[in-house]
Amino acid sequence: MEIEKTLSALSKECPDSILKRADRHGMPEITVGADSFLKVMETLRGFGFDMLTDVVGIDRMPRMPRFDVVYLLMSMEDFCRLAITVELVEGQDVPSVSGIWNSANWGEREVFDLLGIGFSGHPDLRRILMWENFEGHPLRKDFPLEGKDFDKPFDTETIKDYF
Amino acid sequence: MSESKTVTLNMGPHHPATHGVLRVVLELDGETIVNATPVIGYLHRGIEKICESRTYQQILPLTDRLDYSAASANNLGYCLAVEKLMGIEAPKRAQYLRVIMAELARIMGHHLWLGTHALDIGAMTVIFYAFRDREMIMAMNEEISGYRLTPSFIRIGGLAYDATDDFIQKVRKFVQWFPKALEGYHQLLTDNKIWTTRTMNIGKISAAEAINHGLTGPSLRGSGVAYDVRKAFPYSSYEDFDFKVPIGETGDVYDRYLVRMEEFKQSIGIIGQAIENLPSGPVFTDNPWLANPSLEEVQSDISALIRRFMINSKGTPVPGGELYSAVEGAKGELGFYLVGDGSEHPYRLKIRSSCFYLASALPRLLVGHMVADAIAIIGSLDVVLGEIDR
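Line by line, the protein sequences give chains A and B. This note's numbering puts the first residue of the first sequence at 1, with every later residue one more than the last. This note's numbering puts the first residue of the second sequence at 1001, with every later residue one more than the last.
Have a look at this one:
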């Protein structure tokens, strides 16, 4: 598919949804607002983007809005890639696209786990890589590399609470 | 009226057939699976977080430990992403040797899959033959890089060293010999009645569903989708080689088995073409900020001395920018979403793990099958937990 045609069809379908456009070393990227996001994704699925390759969360502190969630889409017909970015302030939710692509289920869970971004309408939003009562979100830039309790002595009593 | 009761069975994380520390919570009605929940994260090392505080060169050994059964393919994917951001390309000879390393890694990964998958289903002989041949590739890795499992041989900008004559001889011998060994694997399994009964019509997934679940690699191709990153987005001179992308029809365990068996053949074909047409020339790009200056240079040239010191103490700055770069790992599309901010370490490195999405499709594949089939299905997806958990 031709990306120019697709994007102009998209702006006809969802007017004023595309806020920014960029080229990521050959892969086109569009930034959309969180309110029109779900409609954009549904439209793109209808245009033939049938694979959701990955969901990437980025903490861009101290930029406001703080977070980016990048959805990497691909059409399996002609292997055309497109990245969709949503910018979010802290505490703002993105509508989940796991109803459109099943792969979003785990992809969004990972972003939720590691960056603490909520996905409204997600069927099973739990931590995935970290354990359930872990506190904090490791991939946030204000999370220490050594972990939160690195300066406290190892205590078998507190560790019991984890299990 | 009898009330149906379900039993919850915890498979893993320390179960030999889950190939690592994958845990699947199975809800059983009799022996039939009615619900399956994969639980991952037991091998989470926070590689993406660690990457943010390491220099680009220091990250390389970490990528070995993603899909450790086919480490060179991960090195290649990472190096290509960084090189793309820097706008450099490795010399032709390095590209060919990279292809040889990545394809050897693919064969190595498939050997591990073949041996353990067959062992899980009850065919014990295969693992001995598979590991005998895997050992030969390990010896090649050792010859060229000094390491057997995690070579870190592919570096940003080229290769760590040029290939030795001994390595080239070993590869040539292997290329000649391996098709015969492959014939042997086929004789053990392909028409084996027990094997076909255990694998045919098990864990079926249609092409549309496989795409929707984000499956890539041999598991997607088993469902009949000819998507291979090497063909769709050629990198590292893959367009120079003549190879086919094998696909299956029904998308069951047996088709995924056949696809991987055919990939053995295609990979050895690529290695054969690459080793025979190996171009001469340097194996490292001429960017002076990537390679360590030699000791002679350091002793005679002050700027080389400073450069050597800077590279080793601070690392190499990489221009800012964002990109997604993918390669075909042994298990599927291995992608790196790299955000650079102009410093010596990435601002964010997201690893698109193929096994992560393969494991996410497990509930869809397992439900409705017997417990014994769960073993066959997990084996046929060929998940490696180092890559799932990162």
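Positions of the beta carbon are idealized from the N, C-alpha and C atoms, including for glycine. Since this is a predicted model, take the numbers as computed values, not measurements.
Roughly how many whole angstroms lie between the Cα atoms of residue i and residue j?
| i | j | result |
| --- | --- | --- |
| G1332/B | L1149/B | 19 Å |
| A1274/B | F1284/B | 18 Å |
| L1381/B | S1303/B | 52 Å |
| M218/A | L7/A | Coverage of chain A is limited to positions 1 through 163, which leaves residue 218/A absent and any answer about it impossible. |
| L38/A | V94/A | 9 Å |
| V1384/B | E1103/B | 18 Å |
| A83/A | S36/A | 16 Å |
| Y1129/B | V1367/B | 33 Å |
| H137/A | S1072/B | 31 Å |
| S96/A | G121/A | 6 Å |
| E1031/B | N1010/B | 14 Å |
| F92/A | G118/A | Here residue 92/A turns out to be Gln, not Phe, going by the sequence shown. Approximately 7 Å between the Cα atoms of the pair. |
| V1126/B | I1268/B | 19 Å |
| L10/A | W101/A | 19 Å |
| F1356/B | R45/A | 22 Å |
| Y71/A | D1067/B | 23 Å |
| R1260/B | T1316/B | 39 Å |
| S1053/B | L115/A | 17 Å |
| V1175/B | L1119/B | 26 Å |
| G1251/B | E1344/B | 44 Å |
| R63/A | A1207/B | 41 Å |
| E13/A | V40/A | 8 Å |
| L1028/B | V1021/B | 21 Å |
| V1341/B | Y1347/B | Val is not the amino acid found at residue 1341/B; the sequence shown has Asp there. Distance between the alpha carbons of D1341/B and Y1347/B: 6 Å. |
| I1194/B | L1365/B | 21 Å |
| F47/A | I3/A | 11 Å |
| P1293/B | D1255/B | 50 Å |
| I18/A | N105/A | 25 Å |
| K1170/B | E1263/B | 21 Å |
| L1188/B | L1114/B | 11 Å |
| S1173/B | G1109/B | Here the sequence assigns Lys to residue 1173/B, which means Ser is not the residue at that position. When rounded, the distance between both Cα atoms is 20 Å. |
| E1297/B | M1138/B | 34 Å |
Name the one or two DSSP bridge partners that residue i has.
| i | result |
| --- | --- |
| A22/A | E29/A |
| I1351/B | F1336/B |
| Y1324/B | Y1337/B |
| P1038/B | V1024/B |
| R1155/B | G1158/B |
| I1033/B | L1028/B |
| V86/A | V32/A, V69/A |
| T1197/B | Answer is none; T1197/B lacks a bridge partner. |
| S120/A | P95/A |
| N1192/B | Beta-bridge pairing links N1192/B to no other residue. |
| M1370/B | T1032/B |
| T1008/B | E1027/B |
| M51/A | M74/A |
Residue i and residue j look like a contact to me (Cβ under 8 Å); what is the Cβ gap, rounded to whole Å?
| i | j | result |
| --- | --- | --- |
| V1318/B | V1082/B | 6 Å |
| V1229/B | V1327/B | 6 Å |
| L88/A | E1048/B | That pair is no contact at about 19 Å. |
| L1080/B | Y1235/B | 6 Å |
| D68/A | T85/A | 5 Å |
| T1116/B | H1019/B | 6 Å |
| E90/A | R66/A | 5 Å |
| V1253/B | T1199/B | 4 Å |
* Should the segment 1202 to 1222 of chain B be regarded as contacting the segment 1363 to 1379 of chain B, the criterion being three or more beta carbon pairs within less than 8 Å? -> yes
* Which full runs of the beta strand (DSSP E) of 3+ residues lie inside the segment 53 to 84 of chain A, going along the chain? -> 67 to 75
* **the segment 1322 to 1332 of chain B contacting the segment 1214 to 1224 of chain B, beta-carbon criterion three pairs below 8 Å** => Cβ pair count under 8 Å is three or more, so yes.
* State whether the segment 51 to 63 of chain A contacts the segment 24 to 36 of chain A, with contact taken as three or more CB pairs (one from each stretch) at a distance under 8 Å. => When Cβ pairs closer than 8 Å are counted between the two stretches, the segment 51 to 63 of chain A is seen not to touch the segment 24 to 36 of chain A, the count staying below three.
* Asked: So, do the segment 1058 to 1072 of chain B and the segment 1230 to 1246 of chain B have three or more beta carbon pairs nearer to each other than 8 Å?
  -> no
* Check whether the segment 1069 to 1084 of chain B touches the segment 1153 to 1161 of chain B, taking contact to mean three or more Cβ pairs, one atom from each stretch, closer than 8 Å. => yes
* Asked: How about the segment 1161 to 1178 of chain B and the segment 1287 to 1301 of chain B: do they share at least three Cβ pairs that are nearer than 8 Å?
  -> no
* To do: Pair every Cβ in the segment 78 to 85 of chain A with every Cβ in the segment 121 to 135 of chain A, then say whether three or more of these pairs are closer than 8 Å.
  => no
* What are the complete alpha helix (DSSP H) segments, minimum 4 residues, inside the segment 1088 to 1145 of chain B? -> 1092 to 1121, 1125 to 1145
* With a floor of 4 residues, list each alpha helix (DSSP H) that falls wholly inside the segment 1203 to 1289 of chain B, ordered by position along the chain. => 1207 to 1212, 1218 to 1221, 1229 to 1232, 1253 to 1276
* Do three or more CB pairs link the segment 139 to 149 of chain A to the segment 59 to 77 of chain A at distances below 8 Å? -> Between the segment 139 to 149 of chain A and the segment 59 to 77 of chain A there are three or more C-beta pairs closer than 8 Å, enough to call the two in contact.
* Asked: For the 8 Å Cβ check, are there 3 or more pairs between the segment 1247 to 1260 of chain B and the segment 1085 to 1098 of chain B?
  -> no
* Asked: Is the segment 1305 to 1313 of chain B in contact with the segment 1169 to 1184 of chain B, if contact means three or more CB pairs nearer than 8 Å?
  -> no
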